[in-house]
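Visitor: Chain order of the listed sequences is A and B.
Counting in the working numbering, the first sequence runs from 1 upward without gaps.
Counting in the working numbering, the second sequence runs from 1 upward without gaps.
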Amino acid sequence: NAGVTQTPKFRVLKTGQSMTLLCAQDMNHEYMYWYRQDPGMGLRLIHYSVGEGTTAKGEVPDGYNVSRLKKQNFLLGLESAAPSQTSVYFCASSTPAVGVNEQFFGPGTRLTVL
Amino acid sequence: GQQVMQIPQYQHVQEGEDFTTYCNSSTTLSNIQWYKQRPGGHPVFLIQLVKSGEVKKQKRLTFQFGEAKKNSSLHITATQTTDVGTYFCAGDFGNEKLTFGTGTRLTIIP
């Protein structure tokens with residue numbers, strides 16, 4: 001049981017390049033989330049999904065797209081990377097339930113855009 | 001918008017001293033969660049508070065949820081080096097997602 005995994009762990013891009021970050025979870029969770037973490041800013045929600053085939057915008061969605069074609073995977077795309085997108089990206093998953101609905105986080109992807 | 005404010009941003013304490021971080025929301029929360037992130041790591045869930053005025057303890061950690069369900073605190077008694085990290089509160093407004101506070105980074109002076 002790997003929990004939440006993220007690929008890649010590190011990446012360096014040049015301005016204008018594109019890339020996709022992959023998040024996978026093996027806990028059969030309905031909900032999945034993408035956050036970015038910047039110094040002093042906490043965790044800010046980019047996009048999220050409440051089920052296969054659904055996506056919704058979070059607090060900072062501009063410059064990102066997402067897809068949830070399979071329940072276990074949540075992809076985050078950067079079509080044209082900008083230096084302002086240099087950050088650590090975390091994926092998380094949870095399941096709606098009566099009671100504790102904690103989020104389980106992946107190990108993160110450190111992205112640098114030059 | 002739905003925001004969760006957290007203070008202080010940083011706290012440096014001598015080992016053995018107590019530590020407290022506070023969170024405040026402008027609107028009533030469905031519940032509040034607390035997470036810990038070790039340096040270089042990812043956030044890990046600590047606890048969820050749901051009821052008005054709720055107090056929960058985990059060894060040296062005490063979590064409180066305000067009567068109006070708008071504020072919360074985490075208190076650590078007699079800090080140890082293993083407590084180092086950033087503590088986040090996360091407010092659940094009942095809309096399928098969490099709003100995280102900016103976190104309090106705790107450093108311990110041995």
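Where is the CB? At the ideal position from N, CA and C, for every residue including glycine.
(1) For Leu98/B, decide whether its Cβ has a neighbour in chain A, counting only Cβ atoms nearer than 8 Å.
(2) Over what stretch of residues does the beta strand (DSSP E) that includes Arg36/A continue unbroken?
(3) To the nearest angstrom, report how far apart Pro83/A and Val113/A are at their CA atoms.
(4) Quick check: is the beta carbon of Leu43/A nearer than 8 Å to any beta carbon in chain B?
(5) Within the same chain, show all residues whose beta-carbon is closer than 8 Å to that of Asn1/A, passing over the 5 residues directly before and after it, in chain order.
(6) Would you call the CB atoms of Thr104/B and Gln2/B closer than 8 Å?
(7) Which residues, in chain order, does the region 21 to 45 of chain A contribute to contact with chain B at a C-beta distance below 9 Å?
(8) What runs of the alpha helix (DSSP H), each 4 residues or longer, lie entirely inside the region 51 to 87 of chain B?
(9) Any beta-carbon of chain B closer than 8 Å to the one on Val66/A?
(10) For Tyr35/A versus Ser49/A, is the C-beta spacing smaller than 8 Å?
(11) Cβ atoms of Gly63/A and Tyr89/A: under 8 Å apart, would you say?
(12) Hey, out of Gln80/B, Gln48/B and Thr81/B, whose CA is closest to Ser73/B's CA?
(13) Among residues of its own chain, excluding the 5 on either side of Tyr22/B, which ones have a beta-carbon nearer than 6 Å to its beta-carbon?
(14) Tell me Leu75/A's beta-bridge partners as DSSP assigns them.
(15) For Ser84/A, which three-state DSSP category applies?
(16) Excluding five sequence neighbours on each side, which residues of the same chain lie with their C-beta closer than 6 Å to the C-beta of Ser193/B?
(17) Where does Asp62/A fall in DSSP's three states?
Guide: For this structure:
(1) Along the second sequence, read from residue 1 onward, the residue named residue 98/B stands at position 98. Taking Cβ atoms only, chain A reaches closer than 8 Å to Leu98/B, which makes this a yes.
(2) Counted from its first residue, the first sequence places residue 36/A at position 36. Here the beta strand (DSSP E) through Arg36/A covers Tyr31 to Asp38.
(3) Position 83 of the first sequence, counted from the first residue, corresponds to residue 83/A. Position 113 of the first sequence, counted from the first residue, corresponds to residue 113/A. Near 5 Å, if we compare the C-alpha coordinates of Val113/A and Pro83/A.
(4) Translated into the one-based positions of the first sequence, residue 43/A becomes position 43. It does; some Cβ of chain B falls within 8 Å.
(5) Numbered from 1 along the first sequence, position 1 holds the residue referred to as residue 1/A. Answer for Asn1/A: Asp26 and Met27, listed in chain order.
(6) Along the second sequence, one-based indexing puts residue 104/B at 104. Along the second sequence, one-based indexing puts residue 2/B at 2. Cβ atoms of Thr104/B and Gln2/B: not closer than 8 Å.
(7) Tyr31, Tyr33, Tyr35, Gln37, Gly40, Met41, Gly42, Leu43, Arg44 and Leu45
(8) none
(9) Numbered from its first residue, the first sequence carries residue 66/A at position 66. No, Val66/A does not count as interfacial toward chain B.
(10) As a working note, residue 35/A is residue 35 in the first sequence. As a working note, residue 49/A is residue 49 in the first sequence. Not in contact: Tyr35/A and Ser49/A (Cβ atoms no closer than 8 Å).
(11) In the first sequence, the residue the question calls residue 89/A occupies position 89. In the first sequence, the residue the question calls residue 63/A occupies position 63. Taking 8 Å as the Cβ cut-off, Tyr89/A and Gly63/A do not qualify as a contacting pair.
(12) Against the second sequence, residue 73/B aligns to sequence position 73. The candidate whose alpha carbon is nearest that of Ser73/B is Gln48/B.
(13) Working through the second sequence from its first residue, we reach residue 22/B at position 22. Excluding residues within five positions, the ones whose Cβ falls inside 6 Å are Ile7 and Ser73.
(14) Taking the first sequence and counting its residues from 1, the one referred to as residue 75/A is at position 75. DSSP, once it has assigned bridges, lists Leu22/A and Ser67/A as partnering Leu75/A.
(15) Locating residue 84/A in the first sequence gives position 84, where the first residue counts as 1. It is helical.
(16) Outside the shown range of chain B (1 to 110) lies residue 193/B, about which nothing can therefore be said.
(17) Sequence index remark: in the first sequence, residue 62/A carries index 62 (1-based). Three-state DSSP puts Asp62/A in coil, outside helix and strand.
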